[in-house]
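The opening position of the sequence shown corresponds to residue 5 in my numbering, with each subsequent residue numbered one higher. Even for Gly, the Cβ is constructed at its ideal location relative to N, Cα and C.
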Amino acid sequence: MLQNSAGKSGGAVSRRIEGLSSGSSGAASAEGSGGVAGGEGAPPLRQRPGRLQDRPAPTTASERLVSLDAFRGFIMTMLAAGGFGLLAFSKISESSPVWQQHDRGFWQQLAFHFDHPAWGSIFSNWLVSFWDLIQPAFMFMVGVSMPFSYARREARGHGWLRRAGHALGRSVILTLMGVFLYSMGKERTNWIFPNVLCQIGLGYFFAWLLLNRRVAVQFAALVVILTGYWGWFRMNPPPADYDFAAVQATKENGEVFEGTMAPWSKNGNAAFFFDQWFLPKLRTEPRPEPAAESPVQAAMPQPVRIRFAPWRMVVLRMAQEPAVPSAAADEPVNAGEQPRPAPAPVLEDTPPLPAGYQSGGPGDTAPATAPATGSEPPAPAEVSEQNEAATVVPQPAGPPWYRQWFFSNTAAYEVNRGGYTTLNFVPSIGTTLLGIICGQLLFSTQRGAVEKLGLLVALAAGCFVLGVAAHLTVCPIVKRIWTPSWVLFSGGYVIAMLAVFYFLFDILPLRILAFPLVVVGTNSILIYMLGQTVTGWVREQVVRVHFSGFIEHVFGPKALDPLWYGPLTLPTATFAVYWLFLLWLYRQKIFLRI
Numbered sequence: 005m006l007q008n009s010a011g012k013s014g015g016a017v018s019r020r021i022e023g024l025s026s027g028s029s030g031a032a033s034a035e036g037s038g039g040v041a042g043g044e045g046a047p048p049l050r051q052r053p054g055r056l057q058d059r060p061a062p063t064t065a066s067e068r069l070v071s072l073d074a075f076r077g078f079i080m081t082m083l084a085a086g087g088f089g090l091l092a093f094s095k096i097s098e099s100s101p102v103w104q105q106h107d108r109g110f111w112q113q114l115a116f117h118f119d120h121p122a123w124g125s126i127f128s129n130w131l132v133s134f135w136d137l138i139q140p141a142f143m144f145m146v147g148v149s150m151p152f153s154y155a156r157r158e159a160r161g162h163g164w165l166r167r168a169g170h171a172l173g174r175s176v177i178l179t180l181m182g183v184f185l186y187s188m189g190k191e192r193t194n195w196i197f198p199n200v201l202c203q204i205g206l207g208y209f210f211a212w213l214l215l216n217r218r219v220a221v222q223f224a225a226l227v228v229i230l231t232g233y234w235g236w237f238r239m240n241p242p243p244a245d246y247d248f249a250a251v252q253a254t255k256e257n258g259e260v261f262e263g264t265m266a267p268w269s270k271n272g273n274a275a276f277f278f279d280q281w282f283l284p285k286l287r288t289e290p291r292p293e294p295a296a297e298s299p300v301q302a303a304m305p306q307p308v309r310i311r312f313a314p315w316r317m318v319v320l321r322m323a324q325e326p327a328v329p330s331a332a333a334d335e336p337v338n339a340g341e342q343p344r345p346a347p348a349p350v351l352e353d354t355p356p357l358p359a360g361y362q363s364g365g366p367g368d369t370a371p372a373t374a375p376a377t378g379s380e381p382p383a384p385a386e387v388s389e390q391n392e393a394a395t396v397v398p399q400p401a402g403p404p405w406y407r408q409w410f411f412s413n414t415a416a417y418e419v420n421r422g423g424y425t426t427l428n429f430v431p432s433i434g435t436t437l438l439g440i441i442c443g444q445l446l447f448s449t450q451r452g453a454v455e456k457l458g459l460l461v462a463l464a465a466g467c468f469v470l471g472v473a474a475h476l477t478v479c480p481i482v483k484r485i486w487t488p489s490w491v492l493f494s495g496g497y498v499i500a501m502l503a504v505f506y507f508l509f510d511i512l513p514l515r516i517l518a519f520p521l522v523v524v525g526t527n528s529i530l531i532y533m534l535g536q537t538v539t540g541w542v543r544e545q546v547v548r549v550h551f552s553g554f555i556e557h558v559f560g561p562k563a564l565d566p567l568w569y570g571p572l573t574l575p576t577a578t579f580a581v582y583w584l585f586l587l588w589l590y591r592q593k594i595f596l597r598i
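So this is what it looks like as structure tokens:
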């Protein structure tokens, strides 16, 4: 929804687009992090009568947490820029002259952090690929911003039902946006849900229901979610003779576990089996094409369908040679006349015909009448025409209207090659819940900044230790299926990252350094959608066409060469175009929100 409201910053008109934010975009900025969307000069929130007055109102400092937008902006910058091409640069052919000037081994080690590992997500010295932390950081920041958004809407006088409806609407819109992204390039809507927006949307409302509960209740809910999901996997291991090769999983890649860890193998776990049952239901089975008839089949009697009008029942009969009606049982046969063929046999289980009808041939759908005395039986050609006219071959019933409208994709469901599953959103609620707990801590005015920082560090350490312990005892750390141990392990990392940003930009006087990230963080959903939809077009039609000369003049003729620095320069220049566009939106106070 487009809103125009008079701003108090420089007398400008503040234009806001309410439409697309998970609580982690521009909405999370103005509503979540408390006015950071407008920058340092953003007007303070006005407190209106409501339930918010039952607890201490946030101070100006807590309303302007630059760290939230900066952290969100950092994550979205790395995602939209594609890691600035570091992975692609490391994959340049070994024979390229660029490796005569650079250490290829160093760049390959660095590139490890800009790609997802094959399956397991923990490595030597309890390290993790940075690229695996992108999604949990995004989902965690959704939770962090929720207490701020809740308080903002409560201060506006929104009741519980209105706030709940808004949260539910966000869930639906985010899920549909994710489906839209996964349907790009497809002929019909592709109803699968591994996209991060789908995962946020599916779990958002459930996480919202835990907002502003007691911390003890929230931690108890976290325990129930993680242990329940773990138990469900544990009780549904793959069969002993399960063919992992058929679902693109191998032991060599570390994708197949043994023993008590087997239930968390790639494409052989409970969530995968659920998808095998559920996702095909969101598609329409294609109508089978009639097979070409062989000469033998063409010569055989073919089934025909006869529809009886009163009950509209379909009866199958075998098509026979046109039969000449036989004489009645009490009708004498003329001397020298050959006996007439007996009536064609009727298939078993044929329903009784209505009174006044007789069974004799495929065309017998009219009331029986005694043949007129001396009348000749109809010629075989006439009988054939009658049979053809009376025989109705119905078309196969099409799918119901709702399938034609929404689930008309006839492409066969394919196994997810990455091992991602729909039900990842269930344990990821735990990731969002950790964000809610941290957001409530930062929103509180009862603790000082240093104390909040200490609690963040302590919570990060606790989650990290519990995640590693769970990995060693009950279930492996696997990001692709969001194992409970991954929730805790990644939670430790992202909470620690938030603590660093909080220390740098909300405790130390370094806010000015966060500005480039804040520009991105205040429109995080928009930059995500741009990166997913138009990156190729911007790279080829904007950067290459209009800025190639400038780039080569400044950085040299090898700047765009694919065997030199092109893999680094192109994604960086593409993101620069995005950033300039976001800067203009930021100056105009235009934010894309849900």
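TODO: Tell me, to the nearest whole angstrom, how far the beta carbon of residue 128 is from that of residue 117; I am working on the premise that it is less than 8 Å.
DONE: Wrong, their Cβ atoms sit about 14 Å apart, outside the cutoff.
Task: Segment contact flag, the region 70 to 82 with the region 498 to 510, C-beta cutoff 8 Å, min 3 pairs - done: yes
TODO: Have a look at residue 486 and residue 435 and give me their C-alpha separation to the nearest angstrom.
DONE: 10 Å
Open item on the list: Is the separation between the beta-carbon of residue 151 and that of residue 216 shorter than 9 Å?
Closed with: yes
Open item on the list: Among the candidates 566, 543, 595, 598, whose CA atom is the shortest distance from the CA of residue 577?
Closed with: 543
Task: Own chain partners of residue 1 with C-beta closer than 7 Å, once the 5 adjacent residues on each side are dropped - done: This structure cannot speak to residue 1, because the chain is shown only from 5 to 598.
Open item on the list: For residue 286 and residue 184, which I take to be in contact (beta-carbon distance under 8 Å), what is that distance rounded to the nearest angstrom?
Closed with: In fact, because the Cβ distance is near 15 Å, the residues do not count as touching under 8 Å.
- [ ] Pick helix, strand or coil for residue 596, following the three-state DSSP scheme.
- [x] strand
TODO: Report back the beta-carbon spacing between residue 105 and residue 94 to the nearest angstrom; my notes put them in contact at under 8 Å.
DONE: Incorrect: roughly 15 Å between the Cβ atoms, too far for contact.
- [ ] Have a look at the DSSP bridge pairing and note the partners of residue 127.
- [x] 131
Task: Three-state class that DSSP yields for residue 582 in the structure shown - done: helix
TODO: Would you check if the region 517 to 537 and the region 74 to 85 touch, i.e. whether three or more CB-CB distances between them fall below 8 Å?
DONE: yes
TODO: Give the C-beta separation of residue 431 and residue 491 to the nearest angstrom, bearing in mind that I take them to be a contact with Cβ-Cβ under 8 Å.
DONE: 5 Å
Open item on the list: Report the start-end ranges of each alpha helix (DSSP H) in the region 432 to 499 that is 4 residues or longer and not cut off at the edges.
Closed with: 453 to 477
Task: Distance, residue 504 Cα to residue 148 Cα - done: 15 Å
TODO: Could you check if residue 201 is buried or exposed, using at least 16 other CB atoms within 10 Å of its CB as the buried criterion?
DONE: buried
Open item on the list: Please tell me whether, using a cut-off of 8 Å, the distance from the CB of residue 499 to the nearest non-hydrogen atom of the ligand SAH is below it.
Closed with: This structure lacks the ligand SAH, and indeed carries no ligand of any kind.
- [ ] Over the uninterrupted alpha helix (DSSP H) stretch that includes residue 154, give me the two end residues.
- [x] 138 to 159
TODO: Could you name the residues of the same chain whose beta carbon sits closer than 8 Å to that of residue 190, not counting the 5 residues immediately before and after it, in chain order?
DONE: 413, 415
Open item on the list: So the candidates are 532, 580, 142, 566; which of them puts its Cα closest to the Cα of residue 551?
Closed with: 580
Task: Three-pair Cβ contact test at 8 Å for the region 211 to 227 versus the region 236 to 245 - done: no
Open item on the list: Can you find the residues in the same chain that come closer than 6 Å, C-beta to C-beta, to residue 2, ignoring five residues on each side of it along the sequence?
Closed with: In the structure as shown, the chain begins at 5 and stops at 598. Residue 2 is therefore absent and cannot be evaluated.
Open item on the list: Tell me which residues share the same chain as residue 203 and place their Cβ nearer than 8 Å to its Cβ, disregarding the 5 neighbours each side in the sequence.
Closed with: 139, 143, 182, 197, 428, 429, 432
TODO: Would you tell me roughly how many angstroms separate the C-alpha atoms of residue 211 and residue 223, rounded to the nearest one?
DONE: 12 Å
- [ ] Look up residue 341 in the DSSP assignment and say whether it is helix, strand or coil.
- [x] Bear in mind that a pLDDT of 49 at residue 341, under 50, signals an unreliable position, so the number given afterwards is only what the model happens to contain. If DSSP states are grouped into helix, strand and coil, residue 341 belongs with coil.
- [ ] Look at the Cβ atom of residue 530, then the Cβ atom of residue 596, and state whether they are nearer than 9 Å.
- [x] yes
- [ ] Give the DSSP-derived three-state secondary structure of residue 71 in the structure shown.
- [x] helix
- [ ] Report the rounded CA-to-CA distance for residue 76 versus residue 528, giving the unit in angstroms.
- [x] 7 Å
- [ ] Measure how close the beta-carbons of residue 274 and residue 267 come, nearest whole angstrom, since I'm counting them as under 8 Å.
- [x] 7 Å
Open item on the list: Using the Cβ count rule (16 or more neighbours within 10 Å means buried), how would you classify residue 421?
Closed with: exposed
Task: With 16 other Cβ atoms within 10 Å as the buried cut-off, status of residue 456 - done: buried
Task: Beta-carbon spacing of residue 186, residue 283 below 9 Å - done: no
- [ ] In the DSSP assignment, find the alpha helix (DSSP H) that holds residue 108 and state where it starts and stops.
- [x] 108 to 115
TODO: For residue 124, I'd like the list of residues in its chain whose CB is within less than 8 Å of its CB, leaving aside the five on either flank, ordered along the chain.
DONE: 258, 480, 481, 482
- [ ] Leaving aside the five residues before and after residue 539 along the sequence, list all residues of the same chain whose C-beta is less than 7 Å from its C-beta, in chain order.
- [x] 578
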